Amino acid sequence: MDFETLRTTVLDFLRDHQAWAPAVTGIIAFCESLAVLSLLVPATVILLGIGALIGAGGLPFWPVMLGAALGAILGDWLSYEIGRYFQEGTKRIWPLTRYPGMVEKGEAFCRRWGAWGIFLGRFVGPARAVVPLVAGVAALPRLPFQVANLTSAFVWAFVWLAPGAGLLGVLRPS
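The sequence shown maps to residues 5 to 178 in my numbering.
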């Protein structure tokens, strides 16, 4: 299945089964945030499409945004814990062995920015796939990691969903 077919299938499913939107959006955000898996799932275009479904009036913004944020939090958290558990061994796992430059950039990013790197890394395409994993390898303390993870996930979910949903319409009380 190619990326376009996957995107279309997910959006068609959500159009027909709106009650599943928060859970499906959470799964997509989890896939987008989990190291390695994020390289295989076209989550960005799907999230923008979900934002457009929200804007068309088919889906409620806040539950879908909450689902996206929770999925992103869990994906980064698991990536971080994998990095802490396997330490330097993570660099010997496929596909990281194929992208040593990406891992090096992620390490430099974490060393330079610390916990802020977790927050910023969520918004930088290629870094998003490895920064939490590398933060775990670097043994960034859990509390600063989780604070950055939680706050950035909510901002990230809002940023990706709000444009299609009509940003100003989302901020007005119903």
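In this text, a Cβ means the ideal position worked out from N, Cα and C, and glycines have one as well. Since the model is a prediction, treat every value here as computed from it, not as a measurement.
Suppose the cutoff is 6 Å on Cβ atoms and the five residues either side in sequence are ignored; what does the same chain contact list for residue i look like?
i      : result
Gly170 : Gly59
Val37  : Strictly speaking, residue 37 in this sequence is Ser, with Val absent from that position. Excluding positions up to five away in sequence, the list reads Ala76, Gly79, Asp80.
Contact defined as beta carbons within less than 8 Å: I believe residue i pairs with residue j. What is the distance between those atoms, to the nearest angstrom?
i      : j      : result
Trp164 : Leu51  : 4 Å
Gly71  : Thr9   : Between Thr9 and Gly71 the Cβ distance is about 23 Å, and since that is not below 8 Å, they are no contact.
Gly209 : Ile122 : For the chain, the structure presents residues 5 to 178; residue 209 sits outside this window and is missing.
Just verifying my parser: in three-state terms, what is the DSSP assignment at residue i?
i      : result
Leu18  : helix
Asp80  : helix
Arg132 : helix
Gly62  : coil
Arg96  : helix
Phe127 : coil
Ala73  : helix
Ala139 : helix
How is the alpha helix (DSSP H) around residue i delimited, first residue to last?
i      : result
Trp117 : 104–117
Trp160 : 146–169
Ser42  : Careful: Ser42 lies outside any alpha helix (DSSP H) and carries neither H nor E.
Ile54  : 47–59
Ala33  : 25–37
May I ask you to check if the CB of residue i is nearer than 8 Å to at least one heavy atom of the ligand GTP?
i     : result
Ser37 : The ligand GTP is not part of this structure, which contains no ligands at all.
Roughly how many whole angstroms lie between the Cα atoms of residue i and residue j?
i      : j      : result
Ala112 : Gly105 : 11 Å
Val159 : Thr101 : 31 Å
Tyr103 : Met69  : 31 Å
Asp6   : Val135 : 26 Å
Leu78  : Ala133 : 14 Å
Phe17  : Arg116 : 42 Å
Hey, is residue i's beta-carbon within less than 9 Å of any beta-carbon in chain D?
i     : result
Val14 : Here chain D cannot be found, since the structure has a single protein chain.
Enumerate in chain order the residues of its own chain whose CB-to-CB distance from residue i is below 7 Å, with the five nearest sequence positions on each side excluded.
i      : result
Phe162 : Met69
Leu124 : Trp117
Gly110 : Ala131, Val134, Val135, Val138
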